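Undergrad: Note that the protein sequences, when read in sequence, are chains X and Z. Using the working numbering, count along the first sequence one by one with no gaps and you end on 289. Using the working numbering, count along the second sequence one by one with no gaps and you end on 315.
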Amino acid sequence: MKQIDERVLTIKKDINSKAFSITYFALWALIAYRMFILNQDPKEYNDLFILTIGISVFVILNTVLSGVYGQEKVINKKKRVVAEIGFLAVFMFFFYFITGVDSIAKLSLVAGMMIVIRFAPFLLGMLSSALIEKKLND
Amino acid sequence: MKNLKIKFARMEKDLTQGELAEIVDVTRQTIGLIEAGKYTPSLPLCIKICKALDKTLDDLFWEG
């Protein structure tokens, strides 16, 4: 059986990857549109939400299990911590002004959630590295 | 950067781009792009091309 030309395969994969990215972000945009502009009841777009979350979980899970999560860049930990603190400060600033929420408890909860969300990639990166090290040593 | 070494090695063997492409299982355009320096082949493809032209990797791909 004749092999497919590697260049053709690479180009096709690249096109499919771009199409996936466009579709993925369009799904998030649709959810945001229904939530904030149309003010629809979440039950009306549950299907879209489940699909989008499902795809996100699929991508993250496969990236972690294949050992490549967080491997694209060399992380300077000090710079990363400073950047994360800066991001959190900017985020909370805009959150406070846009939502008008002034309850300390609610703001703390949002800040806590953001810390978890931003810290989760570190944990996933460590898990991914551990999985690939295990594969190398087997 | 153009890869003239591949072109000359191919001509030594009296092969067209299409014939070389057929031997190494790629399209003629891919061989053309490799020779024009506009596509970087994978290592397995480099090895296939070397075997087809009876040359080593250094002969065809080393930029020395």
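Idealized CB from N, CA, C, for every residue including glycine. Remember, it's a predicted structure, so these values are computed and weren't measured experimentally.
Leaving out the 5 sequence neighbours to the left and right, which residues in its chain are closer than 7 Å to Gln191(X) when beta-carbon positions are compared?
TA: Closer than 7 Å at the Cβ level, and outside the excluded window around Gln191(X), lie Arg185.
Undergrad: Identify the contact partners of Arg269(X) in chain Z, using a Cβ-Cβ distance below 8 Å as the criterion.
TA: Those within 8 Å of Arg269(X) in chain Z number zero; the least Cβ separation is about 36 Å.
Undergrad: Can you pull the chain Z neighbours of Gln154(X), defined as C-beta to C-beta under 7 Å?
TA: Residues of chain Z passing the Cβ test: Asp276.
Undergrad: Using the three-state DSSP reduction, which class does Asn167(X) fall into: helix, strand or coil?
TA: Correct three-state label for Asn167(X): helix.
Undergrad: Taking only beta-carbon positions, decide if Thr267(Z) is within less than 9 Å of chain X.
TA: Thr267(Z) does not count as touching chain X.
Undergrad: Should the stretch 294-304 of chain Z be regarded as contacting the stretch 171-188 of chain X, the criterion being three or more beta carbon pairs within less than 8 Å?
TA: No, the stretch 294-304 of chain Z is not in contact with the stretch 171-188 of chain X.
Undergrad: For the stretch 179-236 of chain X, list the beta strand (DSSP E) runs that are entirely contained and at least 3 residues long, ordered along the chain.
TA: List check, beta strand (DSSP E) in window: nothing returned.
Undergrad: Does any residue of chain X bring its CB to less than 9 Å from the CB of Leu296(Z)?
TA: Yes - at least one Cβ of chain X is within 9 Å of the one on Leu296(Z).
Undergrad: I'd like to know whether the C-beta atoms of Ile257(Z) and Leu296(Z) end up nearer to each other than 9 Å.
TA: Cβ atoms of Ile257(Z) and Leu296(Z): not closer than 9 Å.
Undergrad: Anything in chain Z within Cβ reach of Val159(X), meaning under 7 Å, just list it in chain order.
TA: Under the 7 Å cutoff, chain Z gives Thr278.
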